[in-house]
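Novice:
Residue numbers (the working numbering): 1 to 265.
Okay, here's the thing in structure tokens:
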């Protein structure tokens with residue numbers, strides 16, 4: 001049965017589910033006079049979305065499944081990007097996805113004037129929609145911080161790896177390099193000095209990429225959540241200081257030996 005051209009649907013809080021998780025957007029769907037199915041997806045500040053550059057194929061699949069199940073081909077996919085979703089210094093950006101004849105994603109281009117006129121004739125709306133509920137993140141309550149701690153304060157580990165591979169690194173030197181980088185005030189994660197040997201650089205980076213951390217439960221002695229073999233290497237090499245990841249309240253005083261904030265929770 002032929003479907004007359006026009007506007008078919010307008011869902012202000014469309015929820016998608018795909019390999020990148022769940023997303024929200026406004027979606028308007030149309031059929032134009034040429035028989036083309038069109039999905040206009042508006043992404044707004046506060047939407048949960050992986051972005052069209054990353055998930056164009058997933059958006060197309062979801063729109064096809066939800067709004068054009070009777071169609072033998074997927075819809076044309078057009079994104080209306082608002083606020084910070086748009087290009088730098090633009091209030092709005094309207095882009096169209098390009099696929100080859102086999103359905104492979106080719107990229108994004110600015111919408112043509114012809115398609116823009118067609119959408120306006122079909123009744124497209126370009127605002128965020130009255131049913132939009134922006135995502136509200138809870139206020140930050142805790143901070144993850146990297147801090148220096150005495151090696152003797154760390155618990156004994158339950159070792160299960162060959163320690164020989166860990167003992168080839170000068171871990172005291174690695175701690176020194178890591179402290180210098182983390183204290184520099186530059187971006188996080190920090191850059192390493194170019195003169196640092198590769199094995200030492202890798203060891204230093206491990207203190208923020210895979211930090212030593214402890215699990216502390218009421219009534220139980222602290223135990224390692226990560227990094228016990230590095231801690232053991234530090235102990236065997238008679239190093240005095242390690243770097244570990246810890247947590248504190250956002251409005252509390254810095255912890256003893258705190259170097260810098262690593263993450264907000």
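Glycine residues also receive a C-beta, built at the ideal position from the N, C-alpha and C atoms.
Spell out a yes or no on whether the region 75 to 84 and the region 40 to 56 are touching, meaning 3 or more CB-CB pairs, one atom from each, closer than 8 Å.
Specialist: Enough Cβ pairs lie closer than 8 Å, so yes.
Novice: For the region 57 to 69 and the region 11 to 29, state whether three or more C-beta atom pairs, one from each stretch, are separated by less than 8 Å.
Specialist: With a cut-off of 8 Å, the region 11 to 29 and the region 57 to 69 count as touching, because enough Cβ pairs lie within range.
Novice: Just list the alpha helix (DSSP H) runs in the region 187 to 217, keeping only unbroken ones of 4 residues or longer that don't cross its boundaries, in chain order.
Specialist: Listed in chain order, they are 198 to 209.
Novice: Between the region 226 to 237 and the region 158 to 171, do at least 3 Cβ pairs fall closer than 8 Å?
Specialist: Contact holds: three or more Cβ-Cβ distances are below 8 Å.
Novice: Quick one: using the 10 Å Cβ neighbour count with 16 as the cut-off for buried, is residue 203 buried or exposed?
Specialist: Classification of residue 203: buried, given that the 10 Å Cβ count is 16 or more.
Novice: My output table needs one value for residue 1: the three-state DSSP class, helix, strand or coil.
Specialist: Residue confidence for residue 1 is low, a pLDDT of 46 falling below 50, so the modelled location carries little weight; the figure read from the coordinates is stated next. It is coil, neither helix nor strand.
Novice: Cβ of residue 259 within 8 Å of Cβ of residue 148?
Specialist: Result yes, Cβ atoms of residue 259 and residue 148 sit closer than 8 Å.
Novice: Which residues in the same chain as residue 14 place their Cβ atom closer than 6 Å to its Cβ, once the five residues preceding and following it in sequence are excluded?
Specialist: Answer for residue 14: 25, 27, listed in chain order.
Novice: With DSSP as the reference, label residue 236 as helix, strand or coil.
Specialist: Helix, per DSSP.
Novice: In chain order, what residues of the same chain lie with their CB nearer than 8 Å to the CB of residue 250, ignoring the 5 residues before and after it?
Specialist: Excluding sequence neighbours, residue 250 sits near 140, 141, 142, 143, 264.
Novice: If residue 97 and residue 77 are in contact, beta carbons under 8 Å, what's the gap, nearest whole angstrom?
Specialist: So it is a contact: roughly 4 Å between Cβ atoms.
Novice: Under three-state DSSP, which class holds residue 48?
Specialist: Looking at residue 48 - three-state DSSP - the assignment turns out to be coil, as it is neither helix nor strand.
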